[in-house]
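Colleague: There's a structure below that I have some questions on.
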Amino acid sequence: MKLLIIEDEKELAASIASYLKNENYTCEIASNFKQALDKIETSDYECIALDITLPGGSGMQFNIEINITYGATGRPTGFNVSAIVNGSFTPYNFTN
Numbered sequence: 009m010k011l012l013i014i015e016d017e018k019e020l021a022a023s024i025a026s027y028l029k030n031e032n033y034t035c036e037i038a039s040n041f042k043q044a045l046d047k048i049e050t051s052d053y054e055c056i057a058l059d060i061t062l063p064g065g066s067g068m069q070f071n072i073e074i075n076i077t078y079g080a081t082g083r084p085t086g087f088n089v090s091a092i093v094n095g096s097f098t099p100y101n102f103t104n
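Below you can see the structure in the form of structure tokens.
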């Protein structure tokens, strides 16, 4: 499974990626809004870990871009990075 971690706190992003890589997931990291948009335009991801506050834009704005990029079908599953940190992991699908 290919995952995109969108998180501007480098240590947190690296910790999440390290854990997931040990579980045999392929991970890429984007540290700001533009970098995340560039990555979704050039790669397909099955899951996105999304921070809500990003340099250059919000997680909500990114959600709109996901809908534009993936359309009505093929959206990756997403989850809020802060939910992992707070211990309440709840996956969701990106929708309008």
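Heads up, the sequence shown is in the numbering used here, so the first residue is 9 and it goes up one at a time. C-beta atoms are modelled at their ideal positions from N, C-alpha and C, and glycine is treated no differently. Predicted model, so just to flag it, every value in this text is computed and none were measured.
Here's the rule I'm using: 16 or more other beta-carbon atoms within 10 Å means buried, otherwise exposed. How should residue 59 be labelled?
Modeller: On the sequence shown, position 51 is the one that residue 59 refers to. Under this definition residue 59 is a buried residue.
Colleague: Please say whether residue 74 and residue 37 have beta carbons closer to each other than 8 Å?
Modeller: Walking along the sequence shown from the start, residue 37 turns up at place 29. Walking along the sequence shown from the start, residue 74 turns up at place 66. No, the Cβ-Cβ distance between residue 37 and residue 74 is not below 8 Å.
Colleague: Tell me, which residues are paired with residue 10 by DSSP?
Modeller: Counting from 1 along the sequence shown, the entry for residue 10 is found at position 2. 34.
Colleague: I'd like the span of the beta strand (DSSP E) that includes residue 56, first residue to last.
Modeller: The residue labelled residue 56 in the question sits at position 48 within the sequence shown. Taken as a continuous stretch (DSSP letters only), the beta strand (DSSP E) holding residue 56 covers 55 to 58.
Colleague: Please work out which residues of its chain come closer than 6 Å, Cβ to Cβ, to residue 64, disregarding the five sequence neighbours upstream and downstream, and give them in chain order.
Modeller: Looking up residue 64 in the sequence shown gives position 56. Closer than 6 Å at the Cβ level, and outside the excluded window around residue 64, lie 40, 41, 42.
Colleague: Give the range of the alpha helix (DSSP H) segment to which residue 73 is assigned.
Modeller: The residue given as residue 73 occupies position 65 in the sequence shown. Here the alpha helix (DSSP H) through residue 73 covers 67 to 78.
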